[in-house]
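**Q** Protein chains in written order, with our numbering: chain A, 128 to 470; chain B, 128 to 470.
C-beta atoms are modelled at their ideal positions from N, C-alpha and C, and glycine is treated no differently.
None of these values were measured; they are calculated from a predicted model.
Protein chains: 2
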Amino acid sequence: MSTTSIKEVARHAGVSIGTVSNVLNRPDLVAPATRQRVLDAIGALGYVRNDSARQLRAGRSRTIAIVVLDVANPFFADVVRGAEMEAEQAGGVVVVCNSGEDRAREHRHLDILEEQRVQGVLITPVDDGPDSRLEQFISRGTPVVLVDRGSGHHHRCSVAVDDVLGGRLAAAHLLEQGHRRIAFVGGPASIRQVADRHAGAAAALGTNGELRVVETPSLTVAAGRHAAGEIAELPARQRPTAVFCANDLVALGVLQEMTQRDLRVPDDVAIVGYDDIEFAAAAAVPLSSVRQPREQLGRTATQLLLDEVNDQGRHRHRHVVFQPELVVRASSTPARPPVSKGA
Amino acid sequence: MSTTSIKEVARHAGVSIGTVSNVLNRPDLVAPATRQRVLDAIGALGYVRNDSARQLRAGRSRTIAIVVLDVANPFFADVVRGAEMEAEQAGGVVVVCNSGEDRAREHRHLDILEEQRVQGVLITPVDDGPDSRLEQFISRGTPVVLVDRGSGHHHRCSVAVDDVLGGRLAAAHLLEQGHRRIAFVGGPASIRQVADRHAGAAAALGTNGELRVVETPSLTVAAGRHAAGEIAELPARQRPTAVFCANDLVALGVLQEMTQRDLRVPDDVAIVGYDDIEFAAAAAVPLSSVRQPREQLGRTATQLLLDEVNDQGRHRHRHVVFQPELVVRASSTPARPPVSKGA
DNA sequence: ACGGGGCAATGAAACGTTTCATATCGTCAA
DNA sequence: TTGACGATATGAAACGTTTCATTGCCCCGT
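(1) What residue range does the beta strand (DSSP E) around H449(A) cover?
(2) Exposed or buried, which one is R352(A) when buried takes at least 16 other CB atoms within 10 Å?
(3) Among the candidates H139(A), A158(A), E452(A) and D389(A), whose CA atom is the shortest distance from the CA of L172(A)?
(4) Just tell me which of T146(B), S148(B), P461(B) and V142(B) has its CA closest to the CA of G305(B).
(5) Go ahead and pull the three-state DSSP assignment for V417(B).
(6) Taking only beta carbons into account, state which residues of the segment 193 to 208 of chain A come closer than 9 Å to chain B, listed in chain order.
(7) Is I398(A) buried or exposed, if buried means 16 or more other CB atoms sit within 10 Å of its CB?
(8) Could you please give me the residues that DSSP links to E452(A) through a beta bridge?
(9) Between E337(A), R456(A), R230(A) and A231(A), which lies nearest to R364(A) when the distance is taken from Cα to Cα?
(10) With 16 as the cutoff for other CB atoms within 10 Å, does I358(B) come out buried or exposed?
(11) Under 7 Å, CB to CB, which of the residues in the segment 219 to 235 of chain A have a partner in chain B?
(12) Would you report the Cα separation of I250(A) and A180(B), rounded to the nearest angstrom?
(13) By DSSP's criteria, I398(B) is part of a beta bridge. Which residues make up the other side?
(14) May I ask which residues mark the beginning and end of the beta strand (DSSP E) holding V341(B)?
(15) Check distances from the C-beta atoms of the segment 171 to 192 of chain A to those of chain B and list, in chain order, the residues that come in under 7 Å.
(16) Can a CB atom of chain B be found closer than 8 Å to the CB of E242(A)?
(17) Residue ranges of each beta strand (DSSP E) run of no fewer than 3 residues wholly in the segment 239 to 282 of chain B, ordered along the chain?
(18) Whether or not the segment 285 to 305 of chain A and the segment 324 to 342 of chain A are in contact is what I'm after, with contact meaning three or more pairs of Cβ atoms, one per stretch, closer than 8 Å; do they touch?
(19) Any idea if P252(B) is buried or exposed, counting beta-carbon neighbours within 10 angstroms, 16 or more meaning buried?
(20) Using a Cβ cut-off of 7 Å, which residues of the segment 280 to 313 of chain A contact any Cβ in chain B, in chain order?
(21) Go ahead and pull the three-state DSSP assignment for G294(A).
(22) Near D275(B), what residues of its chain come up, given a Cβ to Cβ distance below 6 Å and the 5 sequence neighbours on each side ignored?
(23) Could you check what DSSP says for S179(B) in three-state terms: helix, strand or coil?
(24) Is F203(A) a contact residue of the ligand HEM, with contact defined as CB to any heavy atom under 7 Å?
(25) Identify, in the order they occur along the chain, each residue of the same chain with its Cβ nearer than 6 Å to the Cβ of T347(B), setting aside the five sequence neighbours on each side.
(26) Name the DSSP beta bridge partners of A192(B), please?
(27) Taking a Cβ distance cut-off of 8 Å, strictly less, list which residues of the segment 334 to 353 of chain B are near chain A, in chain order.
(28) On the CB-based measure, 16 or more other CB atoms within 10 Å of its CB, does Q419(B) come out buried or exposed?
(29) With DSSP run on the structure shown, which of helix, strand or coil describes S148(B)?
(30) Using only the alpha-carbon positions, how far apart do Q263(B) and V175(A) sit?
(31) Measure the alpha-carbon distance for R441(A) versus R260(A) and round it to whole angstroms.
(32) Assuming E215(A) contacts S226(A) (C-beta within less than 8 Å), just tell me the rounded distance between them.
(33) Looking at the strands, I want to know which residues DSSP matches up with A410(A).
(34) Between which residues of its own chain and I144(A) is the CB-CB distance below 7 Å, once the five residues before and five after are set aside?
(35) Tell me the rounded alpha-carbon separation between D402(B) and F202(B).
(36) Is the shortest distance between the beta-carbon of E211(B) and the beta-carbons of chain A less than 8 Å?
Here's what the structure looks like:
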C-alpha cells in the first residue's frame, strides 16, 4: 500500500510540507535546487498523490461521469469515445457507468457519483420524463447534460439527434420503394427516442400506408427475433412487407429470424434499422439504417458540460440537435435489379 | 453545489457530529428517537456524504477499476458485466477505463487510479511482458489481476482462456473439413492471445497443412477487410481455402470483404472467428467461432481481486485458465449438404 | 443511599492535501 | 547605512469524515 505521504517526502528532502506542495502545484515558486531535491525525494520514496485529500480540500473532483444504458451497445461505445476525447483534451477524466437499463442501478450510480462530487454527468436516463432522482441531483448543483433525451427541459443542456426526422426518413424511403404495409418494431414506447422514431414514421406514412406497431420490452437482438416471429406468423396478406426497427440490434434480430424462417430480405420483407452500427454493413444482408453522429454527440455533450462547469454564472443551457442521415443498403432495396448508383 | 456537511446536519438535528456519523455507519448504536431526528435533518437539508473525506479517513476507496483495451469490443463489454455483477454483490463499485490499445492512455489511467487509491485493478495491459509501470503499481501495494494475459507472472493473479487450445480447436476443425491451405489473420503478433491462437493452429496443422500468416495492425473489422483483400488477390491455387481469425471483428471484416469480392463463404473460403460475439451468429453467413466464457472471466477475476484485498496475509496468487469451446456454424461447413446434427 | 453497569451521546484527534499569511534573508536604491 | 522589496520557505488552518476514549445519565441491586 502506497502509504507515503507528502510529510515523509518533506522530511526526506529536508523541507517543509508546504514546499513539497508547491513543487507539485506551482513549481515555479520554488528555487530550482530545492525543487530538484524534492523531486528526487518523491522518486526515491515512490510518493503518489492522495487524490481524496486533494479533492477534499478542493471541494470538487476532476472527473466527469457518463452513465449509459448499455456499455455493450456500440452506439454508446462511440458516444463514450467522443466524450473521452473531449475530456482528455481538457485535462479531465471520464468514468463510465453502466445502468443496464435498470432504474435501480442508475439510481445507485447517481448516489455514488454525487458522493464523489464529480464535476458533472453525461447521462441517458433509463426513463425520460421528470425523474425525481435526477432532478434532485441537478438541484443540488451538479451539472448534467442529457444525451439523446431531453424534450423540453429548460434547466439543463442536452444533445440529441432528431429522431422524428430519422423515422420520417426511414418511412419515406420504404414508401418510395413501394411498401404500403409497414411494421414498426421497438420499445418500450416510454423511451422518447422510440416514440419519436415511431411518430416520424407515422407522419411520413400519413394516409398512404399502414403502420403496425410491435412493441418490444427492450432494444436487443433477442427482442428483435421475438418480434419478427410475431410478424412472420401473420397471414401473408396481412403481413407487413417492410419493417422499420427502432435500433440496429433489433433489426439484426429481425433479419436473423426472418432468414431462419425462409423469408427473404429484402424481397419478402424489407428492413431498415437505426444507428448504423459497425455491424449493420456486415449483416447477413447489409442493413439500411439511419446514421447518427455518435462520436460527435459525445464530444458536444462534453463541451456543453465543461462550459457549464467553468462558466458558472454566464452559462446558458443549450439544446443541440443533430440531423440523422439515411444509409441505404441491400436490406431495403430490391435484390435482383443491380443498383447502378454508387455507394 | 451540495455543500451541506455533516456538521450542519448535526446542528440542525441538535446533536453532535459523532452522532450523525453513527447514524450513518452504525445506526443501531443510536437511540431510535435521535436516529429519526437525524435522518429527518438529512432529508431536509439534502445532505450527501462526501466520499473524499470518507476515503481520506479510511485510507482506501471502495471502487475497483477495470482497464480494458476497447469498450466498444463486445468481448470486454461482457467481461465488464461479469465484473460488475460480482463487485456489486460485494458492495463495491466498478469504474471502467478504456485504454484504447494505447500505452500512454493506459499509463495515464494507472496514474489516476493510483492517486485514487482504488482497491484493486483488473487489467488487460496493452503490451504483455514486464511492463514497468504496472510492476511499479503492484509493488506499491495495489492488487492487480491480469485478464486474458499473464503467462508466468507469479506475483499476481490472472484469469485467462487457453488460447492455444482455442487455436488448436479451430485448425483441427478446418483440417477435418478438408482444408489444407489455411490463413491466420490477426495482430499485432506481440499480443499474447494472438500469438497463442496462432501457435495452437500451427500445432494442430503440423505437417498436414500450410498456415499462412497475415498480420494486422489491430483486431478490427477494418483490419479484417484489408487482410481479406490481400488474401483474395492471391492466385487461386495459392489462395488459402480457409481463414482462421484471431477475433470475430476481424472475421466479420474478412467475411464482408470476401462477399464483396464474390468469393463465397464457406464454399470458396471457409472462416472461423474467435470470441463468439453476439453478432457472430447474425453475420452474413453465421460465423463459426471459438467461444470464451467472457462473463465468467470477469466474475472470477473480481473474486480473485477481492480475495486478495481482503485476505492480505493468506492470499495465494492463482492463475485460472478457462477452456474455450468451438461453435460450428455455416461459415466453415459446406453449404449445400444440410447438416443433420442438431445445434 | 450508594456504587456499578449499560446505554447514549460527545468531543477531539487524525487522515493528506492546499492555501495563505507570515517569516527570513539577501540585495538594491536612495 | 537604512529601508524596502523580491524571492523563498515556513507553519497553521481548513476541508468533511470516522473512530475512540470519555462523559453523562438512569436504573438496579444491595
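**A** Answer, in terms of the structure:
(1) Stepping through the first sequence from its first residue, residue 449(A) is reached at position 322. The sequence given here has Phe at residue 449(A), not His. It spans H446 to F449 - the beta strand (DSSP E) in which F449(A) sits, taken as one unbroken run.
(2) As a first step, residue 352(A) is located in the first sequence; it is residue number 225 there, counting from the start. With 16 or more other CB atoms across the displayed protein chains lying within 10 angstroms of its CB, R352(A) is buried.
(3) Within the first sequence, numbered from 1, the residue matching residue 172(A) stands at position 45. Nearest C-alpha to L172(A) among H139(A), A158(A), E452(A) and D389(A): H139(A).
(4) Sequence index remark: in the second sequence, residue 305(B) carries index 178 (1-based). Considering only alpha carbons, the answer is P461(B).
(5) On the second sequence, position 290 is the one that residue 417(B) refers to. In the structure shown, V417(B) sits in a strand (DSSP, three-state: E or B).
(6) Those residues of the segment 193 to 208 of chain A that come within reach of chain B (Cβ to Cβ, closer than 9 Å) are D197, V198, A199, N200, P201, F203, A204, D205, V207 and R208.
(7) Looking up residue 398(A) in the first sequence gives position 271. The residue in question, I398(A), is buried, as its Cβ has 16 or more Cβ neighbours within 10 Å.
(8) Residue 452(A) sits at position 325 when you count from the first residue of the first sequence. Under DSSP, E452(A) shares a beta bridge with R418(A).
(9) On the first sequence, position 237 is the one that residue 364(A) refers to. Residue E337(A) is the option with its Cα nearest to R364(A).
(10) The residue you call residue 358(B) lines up with position 231 of the second sequence. Buried is the label assigned to I358(B), since at least 16 other Cβ atoms lie within 10 Å of its Cβ.
(11) V220, V222, V223 and N225: these are the residues of the segment 219 to 235 of chain A whose beta carbon lies less than 7 Å from some beta carbon of chain B, given in chain order.
(12) For this step, residue 250(A) is matched to residue 123 along the first sequence. For this step, residue 180(B) is matched to residue 53 along the second sequence. Their Cα atoms are separated by approximately 26 Å.
(13) Counting from 1 along the second sequence, the entry for residue 398(B) is found at position 271. Paired residues: V370(B).
(14) On the second sequence, position 214 is the one that residue 341(B) refers to. Run containing V341(B): E337 to E342, per the beta strand (DSSP E) assignment.
(15) The segment 171 to 192 of chain A vs chain B, Cβ under 7 Å: G173, V175, R176, N177, D178, S179, A180, Q182 and L183.
(16) Mapped onto the first sequence, residue 242(A) falls at position 115. Judged by the 8 Å Cβ criterion, E242(A) is in contact with chain B.
(17) If you keep only unbroken beta strand (DSSP E) runs of at least 3 residues inside the segment 239 to 282 of chain B, you get 247 to 250 and 271 to 274.
(18) Cβ pair count under 8 Å is three or more, so yes.
(19) Numbered from its first residue, the second sequence carries residue 252(B) at position 125. That one is buried.
(20) Residues: none.
(21) As a first step, residue 294(A) must be located in the first sequence, where it is residue number 167. In the displayed model, G294(A) falls within a helix according to three-state DSSP.
(22) As a first step, residue 275(B) must be located in the second sequence, where it is residue number 148. Hits under 6 Å: T251 and A287.
(23) What you label residue 179(B) is simply residue 52 of the second sequence in a count that begins at 1. Helix at S179(B).
(24) Ligands in the displayed structure: none, and consequently the ligand HEM is not present.
(25) Translated into the one-based positions of the second sequence, residue 347(B) becomes position 220. The residues L376, in chain order, have a CB closer than 6 Å to that of T347(B) in the same chain once the five nearest residues on each side in sequence are set aside.
(26) Locating residue 192(B) in the second sequence gives position 65, counting from the first residue. Paired residue(s): V222(B) and V248(B).
(27) Of all residues in the segment 334 to 353 of chain B, V348 have a Cβ within less than 8 Å of some Cβ in chain A.
(28) As a first step, residue 419(B) must be located in the second sequence, where it is residue number 292. When all chains shown are included, Q419(B) counts as buried.
(29) Counted from its first residue, the second sequence places residue 148(B) at position 21. Correct three-state label for S148(B): helix.
(30) Here residue 263(B) is taken as the residue at index 136 of the second sequence, counted from 1. Here residue 175(A) is taken as the residue at index 48 of the first sequence, counted from 1. In a straight line, the C-alpha of Q263(B) is about 11 Å away from that of V175(A).
(31) Here residue 441(A) is taken as the residue at index 314 of the first sequence, counted from 1. Here residue 260(A) is taken as the residue at index 133 of the first sequence, counted from 1. If I take the Cα positions, the gap works out to 26 Å.
(32) Taking the first sequence and counting its residues from 1, the one referred to as residue 215(A) is at position 88. Taking the first sequence and counting its residues from 1, the one referred to as residue 226(A) is at position 99. The C-beta distance from E215(A) to S226(A) rounds to 23 Å, too long to meet the 8 Å contact threshold.
(33) Taking the first residue of the first sequence as 1, we reach residue 410(A) at position 283. Here A410(A) is bridged, per DSSP, to A410(B).
(34) The residue you call residue 144(A) lines up with position 17 of the first sequence. Excluding positions up to five away in sequence, the list reads I133, K134 and A137.
(35) In the second sequence, the residue the question calls residue 402(B) occupies position 275. In the second sequence, the residue the question calls residue 202(B) occupies position 75. Going from the Cα of D402(B) to the Cα of F202(B) covers about 7 Å.
(36) Here the question's residue 211(B) lines up with position 84 in the second sequence. Using a CB distance cut-off of 8 Å, E211(B) counts as an interface residue toward chain A.
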